[in-house]
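Enquirer: So that we are looking at the same thing, I have put the structure below in structure tokens.
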Amino acid sequence: MTLLLTGSDVARLLPMDRCIEAVEHAFRTLAAGKLPPPGVLATHVEGGGFHVKAAVLDGCYAAKINANFPANPERGLPTIQGVVLLSDAVDGRPLAIMDSIEITARRTAAATALAARHLARADARTATIIGCGRQAASQIEALMAVRPLTRLYAIDSVRERSERLAREMAGRFGVAAIAASDKHEALADSLICITCTSSRRPVLELSDVRPGTFVAAVGADNPDKSEIAPPLMAEAKVVADVLEQAAAIGDLRHAIAARAMTISDVHAELADVLSGRRPGRDSVDDITIFDSTGTAIQDVAAAALVYRRAAADGAARSVTIAA
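For the sequence shown, counting from 1, position 264 maps to 277 in this note's numbering; every step adds exactly one.
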């Protein structure tokens, strides 16, 4: 039987603390050289496109199929829609089909939390988030698990979104949350900055960031997107989730294209930092950047956890695919 899991099911079955643990296990397994390389396939169509990310972990195979159609809000539909297919990697049985949006939001935020644990200053208690869309709340939830914030600045091109996020985060976590209009003022008071926009030009310059800041660059997940200015990338200690992928589609791609840095200038991959093969932050004045492009090992780690919990509680619907 194949379990069918909605976004609400995933949200219920994937608490952030457990997701962070699962994603950390995936990156540590990657560091140990025990995983085949994940795969990525992109297909462009008029008005949008599809991408597939696939990986194997602990006897499970996951393929995430996401569609991205920017004009969808005009049709009353989400910009991004998709599913994760989880299969048994021993015999090929389809174990579950689940909503991908909640999986993506939580596993992406979990990687930010892991990077922050090693790359943000231990005394960091104030953060700025630039981009207050679907991903933002998960990012703050995960960050709070490793760096309990006392103050949060929310910035978005649509004021209503930043105000909504500030209200929500203040209510959930008791943090002093401010919908900020002055980026420079917010960043001058922050030691953590998360960018999760769909921007195609930098939203963060070298002059914006104070010494000692940790930046999680989350939005650039295809070659056209760009959030971090090349001079800032060159000045910082850069850690990539997957080096080859960041060089192809992340902010690293734009820094290399601008000749601000080369791939050999990257400090480490996240797996190397988590495993202790490479150090994280060296000094309180380091500017550190996590170039987060999203990898399928995060998807399979999160999806497998959701499946195990769903199978245990017996509440999910199921179908026989081959019937």
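Beta carbons: idealized from backbone N, C-alpha and C, even for Gly.
1. Quick one: measure Cβ to Cβ for T15 and I110, integer angstroms, because I've assumed they're closer than 8 Å.
2. Just checking my contact of C145 with L178 at CB under 8 Å: how many whole Å lie between their CB atoms?
3. Note down the Cα distance separating A2 from A149, rounded to an integer number of angstroms.
4. What does the Cβ neighbour count give for D304, buried or exposed, with the cut at 16 atoms within 10 Å?
5. Could you tell me if D101 is buried or exposed, where buried requires 16 or more neighbouring beta carbons within 10 angstroms of its beta carbon?
6. Could you pull the start and end residues of the alpha helix (DSSP H) that C73 belongs to?
7. Would the stretch 70–78 and the stretch 245–265 be scored as touching if the rule is three or more Cβ pairs under 8 Å?
8. For S6 versus A140, is the C-beta spacing smaller than 8 Å?
9. Determine, using beta carbons only, whether A233 and G187 come nearer to each other than 8 Å.
10. Rounded C-beta distance between R70 and A242? I'm assuming under 8 Å.
11. Have a look at M6 and Y320 and give me their C-alpha separation to the nearest angstrom.
12. I believe L287 touches A44 by the beta-carbon criterion, under 8 Å. Please report the beta-carbon distance rounded to the nearest angstrom.
13. Cβ of T19 within 8 Å of Cβ of D112?
14. With 16 other CB atoms within 10 Å as the buried threshold, where does T306 fall?
Expert: From the atom records:
1. Here T15 really is in contact with I110; their C-beta atoms are around 6 Å apart, less than 8 Å.
2. Indeed, because the Cβ distance is near 4 Å, the residues count as touching under 8 Å.
3. Only positions 14 to 336 of the chain appear in the structure, and residue 2 is not among them; the question remains open.
4. By the neighbour-count rule (16 or more Cβ atoms within 10 Å), D304 is buried.
5. Residue environment for D101: exposed (fewer than 16 other C-beta atoms within 10 angstroms of its C-beta).
6. No alpha helix (DSSP H) contains C73, which is instead part of the beta strand (DSSP E) from 73–81.
7. Result no; under three Cβ-Cβ pairs closer than 8 Å.
8. Given that the chain is displayed from residue 14 to residue 336, the structure contains no residue 6 and the question cannot be resolved.
9. For A233 and G187, no; Cβs fall outside 8 Å.
10. Sequence check: residue 70 is Leu here, not Arg. That belief does not hold up - the Cβ atoms of L70 and A242 are roughly 35 Å apart, past 8 Å.
11. Nothing can be reported for residue 6: it is not among the residues displayed for the chain, which extend from 14 to 336.
12. The Cβ separation is near 7 Å, so the contact holds.
13. Against a cut-off of 8 Å, the Cβ pair of D112 and T19 comes out as a contact.
14. Counting Cβ neighbours within 10 Å, T306 comes out buried, since at least 16 surround it.
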